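A.B. asks: First the structure, then my questions, so here it is.
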Amino acid sequence: MYYSFPDNFWWGSASSALQTEGAREGETTWDHWFSREPNRFHNGVGPQQTSTFYEHWKTDIALLKQLNHNSFRTSISWARLIPDGIGEVNPQAVTFYNQVIDELLAQGITPFINLFHFDMPMAMQEIGGWENREVVAAYARYAQICFELFGDRVNHWFTFNEPIVPVEGGYLYDFHYPNVVDFRRAATVAYHTVLAHAEAVRAFRAGNHAGEIGIVLNLTPSYPRSQNPADLKAAHIADLMFNRSFLDPVLKGEYPQDLVALLKSYDQLPACQPGDSELIAQGKIDLLGINYYQPRRVKCRDSAVNPDAPFMPEWFFDSYEMPGRKMNPYRGWEIYEPGIYDILVNLRDNYANPRCFISENGMGVENEQRFIENGQINDQYRIDFISEHLKWLHKGISEGCNCLGYHMWTFIDNWSWCNAYKNRYGFVQLDLATQQRTIKKSGEWFAATAQNNGFTRE
Ligand code: BGP
1 MYYSFPDNFW WGSASSALQT EGAREGETTW DHWFSREPNR FHNGVGPQQT
51 STFYEHWKTD IALLKQLNHN SFRTSISWAR LIPDGIGEVN PQAVTFYNQV
101 IDELLAQGIT PFINLFHFDM PMAMQEIGGW ENREVVAAYA RYAQICFELF
151 GDRVNHWFTF NEPIVPVEGG YLYDFHYPNV VDFRRAATVA YHTVLAHAEA
201 VRAFRAGNHA GEIGIVLNLT PSYPRSQNPA DLKAAHIADL MFNRSFLDPV
251 LKGEYPQDLV ALLKSYDQLP ACQPGDSELI AQGKIDLLGI NYYQPRRVKC
301 RDSAVNPDAP FMPEWFFDSY EMPGRKMNPY RGWEIYEPGI YDILVNLRDN
351 YANPRCFISE NGMGVENEQR FIENGQINDQ YRIDFISEHL KWLHKGISEG
401 CNCLGYHMWT FIDNWSWCNA YKNRYGFVQL DLATQQRTIK KSGEWFAATA
451 QNNGFTRE
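Counting in the numbering used here, the sequence shown runs from 1 upward without gaps.
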């Protein structure tokens, strides 16, 4: 069967500043944490050692062209542009981002620019990070500066990538700095991130900039173990906590009432101020980026909660290991292709079918050198992964879902937070020692698919 996609479908990939650029003037939380605890990073490789996009941007964009990208997402590093987060703009950073944007456009690749991808300037974290409303104001100023500097050429803006992840990592589950475990502080960080998003949207609209603004959310469908009411309730609460805590504010302009009621009943609500609701209502977006890697399977808890344990989302559910599930053993994530369709149908039926696209999907694999044949990584597993997801995406589009494109994570193997270079995701293999780039078989497959605007598959 031939799967063809709508005209002007976005084919491309996503990356982020911190994971690709290399060392920068302004320190981020990642630089700071790495200097304190390098053991927390796979093989002790830190955020200074990346795929050196800061030096190789021109040849890397030529590679994007070779992969037939018509669009590409990366982020601006707040700490590179404004090293202390709030003061002077760094002119070298302006030159760098201007060059990247201009070269993408010269190659016919539409730049999608994200403003925050887990990379808090350390100076901002020192005054409390997202727990402090001064940081919300500093972010709004930074966003406005970006719109003014680059908005004449950038028409697709994103305020945040996966804003729930710094909440989970930094304030609940200990995989991001500042390694706090405290639900109410986590809720405050999430709430202030929504306010920061809305401030940026408001500044974008007030400036009458061309183009559109959105956000990138990792939507993780919550599947109950069974239709038993206890399992359904568990899945509903997981959905409220991990998906709807951001999805509802950015698409409906308000929080789900049952999430607010739940947190209130456990005394976990963040402090609100007059005017917050009006601000949140102004944060409605034009375009939603959807990152999809894995589903979340849950069941009701089997045991009572330890009364001394800190309040956690897991007070309401246990994770469920479905027998027979397909796993990516390297990342430990389930692979469930229909999830992409379920996300799109949910958006169509419950959120007025917003303009959206898949902004990340991907498969991290360890030790890919073992698949080298005639000098090239033969990653047929990645081609299978992509095409099976695209089949479900195609089905969603054919049933009316408003999905405009598909971006893969990622174009070149890059540094992945605490996993550093353990799992490789790229269409292009990176030799860390020589920095040599070699297109993998999946890159060739994707280039052909983008060129044909479709692919053949059984
Ligand atoms: C997403 C992030 C990316 C990237 C990807 C792969 O959540 O937006 O930055 O890292 O996941 O995940 P990981 O690096 O944890 O394997």
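Where a beta carbon is used, it is the ideal one built from N, C-alpha and C, also for glycine. Here the structure is a predicted model, which means the values were calculated and not measured.
Beta-carbon within less than 7 Å of Pro295's beta-carbon, same chain only, minus the 5 sequence neighbours each way: which residues are those?
C.D. replies: Once the five neighbours on either side are set aside, the close Cβ partners of Pro295 are Thr220, Pro221, Tyr223, Glu334, Tyr336 and Gly339.
A.B. asks: CA-CA distance, Pro307 and Val181?
C.D. replies: The straight-line gap from Cα to Cα measures roughly 16 Å.
A.B. asks: Where are the beta strand (DSSP E) runs, 3 residues long or more, that stay fully inside the stretch 41 to 110, in chain order?
C.D. replies: Within the stretch 41 to 110, the complete beta strand (DSSP E) runs of at least 3 residues are 71 to 75.
A.B. asks: Less than 7 Å between the CB of Gly364 and some heavy atom of ligand 1, yes or no?
C.D. replies: Yes - ligand 1 has a heavy atom lying nearer than 7 Å to the Cβ of Gly364.
A.B. asks: Can you give, in chain order, each stretch of the alpha helix (DSSP H) that sits fully within the stretch 218 to 301 and has at least 4 residues?
C.D. replies: As far as the stretch 218 to 301 is concerned, its whole alpha helix (DSSP H) runs of at least 4 residues are 229 to 239, 245 to 252, 257 to 265 and 276 to 281.
A.B. asks: Less than 8 Å between the C-beta atoms of Leu64 and Gly443, yes or no?
C.D. replies: Their beta carbons are not under 8 Å apart, which means Leu64 does not touch Gly443 by this criterion.
A.B. asks: Checking the sheet assignment: what are the DSSP bridge partners for Val428?
C.D. replies: Beta-bridge pairing links Val428 to Ile412 and Ile439.
A.B. asks: Distance, Cα to Cα, Arg73 vs Ser245?
C.D. replies: In a straight line, the C-alpha of Arg73 is about 24 Å away from that of Ser245.
A.B. asks: For the beta strand (DSSP E) containing His156, list its first residue and its last residue.
C.D. replies: Segment His156 to Asn161, the beta strand (DSSP E) holding His156.
A.B. asks: Figure out for me which residue from Pro354, Leu263, Glu103 and Leu149 has the closest Cα to the Cα of Ala187.
C.D. replies: Nearest of Pro354, Leu263, Glu103 and Leu149 to Ala187, Cα basis: Leu263.
A.B. asks: Please report the Cβ distance between Glu27 and Met122, rounded to the nearest whole angstrom; I am assuming they are in contact, meaning their Cβ atoms lie under 8 Å.
C.D. replies: With a Cβ gap of about 4 Å, Glu27 and Met122 count as contacting.
A.B. asks: Using only CA atoms, which one of Leu240, Asp174 and Leu430 lies nearest to Phe53?
C.D. replies: Checked all of Leu240, Asp174 and Leu430; the closest Cα to Phe53 is Leu430.
A.B. asks: Measuring CB to CB, does Ala196 end up less than 8 Å from Asp119?
C.D. replies: Against a cut-off of 8 Å, the Cβ pair of Asp119 and Ala196 comes out as no contact.
A.B. asks: Would you say the beta carbon of Gln376 comes nearer than 7 Å to a heavy atom of ligand 1?
C.D. replies: Answer for Gln376: no, Cβ out of range of ligand 1.
A.B. asks: Can you give me the Cβ contacts of Tyr97 inside the same chain, cut-off strictly under 7 Å, excluding the 5 residues immediately before and after it?
C.D. replies: Result list for Tyr97: Ile76 and Phe150, in chain order.
A.B. asks: Going by DSSP in three states, Leu404 sits in which element: helix, strand or coil?
C.D. replies: In the structure shown, Leu404 sits in a strand (DSSP, three-state: E or B).
A.B. asks: What does the alpha-carbon distance come out to for the pair Asn114 and Leu247?
C.D. replies: Their backbone Cα atoms lie some 17 Å apart in a straight line.
A.B. asks: From the DSSP output, in three-state form, read off Met363 for me.
C.D. replies: Coil.
A.B. asks: Kindly indicate if chain D contains any beta-carbon less than 8 Å away from that of Gln436.
C.D. replies: Given the protein chain composition of this structure (a single chain), no chain D is represented.
A.B. asks: Under the three-state reduction of DSSP, which class applies to Tyr2: helix, strand or coil?
C.D. replies: If DSSP states are grouped into helix, strand and coil, Tyr2 belongs with the strands.
A.B. asks: So Lys441 and Gln369 are supposed to be a Cβ contact under 8 Å. How far apart are they, rounded?
C.D. replies: 14 Å between Cβ atoms; not a contact.
A.B. asks: Taking the straight line between their C-alpha atoms, what separation do you get for Asp60 and Thr20?
C.D. replies: Roughly 11 Å between the two C-alpha positions.
A.B. asks: Inspect the beta-carbon positions of Val189 and Val167 and report whether they are closer than 8 Å.
C.D. replies: Yes, the pair counts as a contact, with Cβ atoms nearer than the cut-off.
A.B. asks: Check whether the Cβ of Glu321 lies closer than 7 Å to any heavy atom of ligand 1, and answer yes or no.
C.D. replies: No.
A.B. asks: Can you check whether the CB of Phe183 is closer than 8 Å to the CB of Gln49?
C.D. replies: Going by C-beta atoms, Gln49 is not nearer than 8 Å to Phe183.
A.B. asks: If you reduce the DSSP assignment to three classes, tell me which class Thr434 lands in.
C.D. replies: Looking at Thr434 - three-state DSSP - the assignment turns out to be coil, as it is neither helix nor strand.
A.B. asks: Measure from the alpha carbon of Ala14 to the alpha carbon of each residue in Asp84, Gly426, Arg457 and Thr456, then state which is nearest.
C.D. replies: Closest option to Ala14, Cα to Cα, is Gly426.
A.B. asks: For Val428, is the classification buried or exposed, using 16 other Cβ atoms within 10 angstroms of its Cβ as the cut-off for buried?
C.D. replies: Per the 10 Å Cβ criterion, buried.
A.B. asks: With DSSP as the reference, please indicate the residues paired to Gly12 in a beta bridge.
C.D. replies: Note: Gly12 sits in a beta bridge opposite Ser71 and His407.
A.B. asks: Are the CB atoms of Glu25 and Arg80 nearer to each other than 8 Å?
C.D. replies: Taking 8 Å as the Cβ cut-off, Glu25 and Arg80 qualify as a contacting pair.
A.B. asks: Among all the DSSP beta bridges, which residues are the ones paired with Thr28?
C.D. replies: Beta-bridge pairing links Thr28 to Pro121.
A.B. asks: So, for Met327: in the same chain, excluding its five sequence neighbours on each side, which residues have a beta-carbon less than 8 Å away from its beta-carbon?
C.D. replies: The residues are Trp333, Glu334 and Ile335.
A.B. asks: Rounded to a whole number of angstroms, what is the C-alpha to C-alpha distance between Glu278 and Leu240?
C.D. replies: Answer to the nearest angstrom: the Cα atoms are 21 Å apart.
A.B. asks: Taking 7 Å as the cut-off, does the CB of Gln19 come closer than this to any heavy atom belonging to ligand 1?
C.D. replies: Yes, the Cβ of Gln19 comes within 7 Å of a heavy atom of ligand 1.
A.B. asks: Can you tell me the Cα-Cα spacing of Asn39 and Phe242, whole angstroms?
C.D. replies: The straight-line gap from Cα to Cα measures roughly 29 Å.
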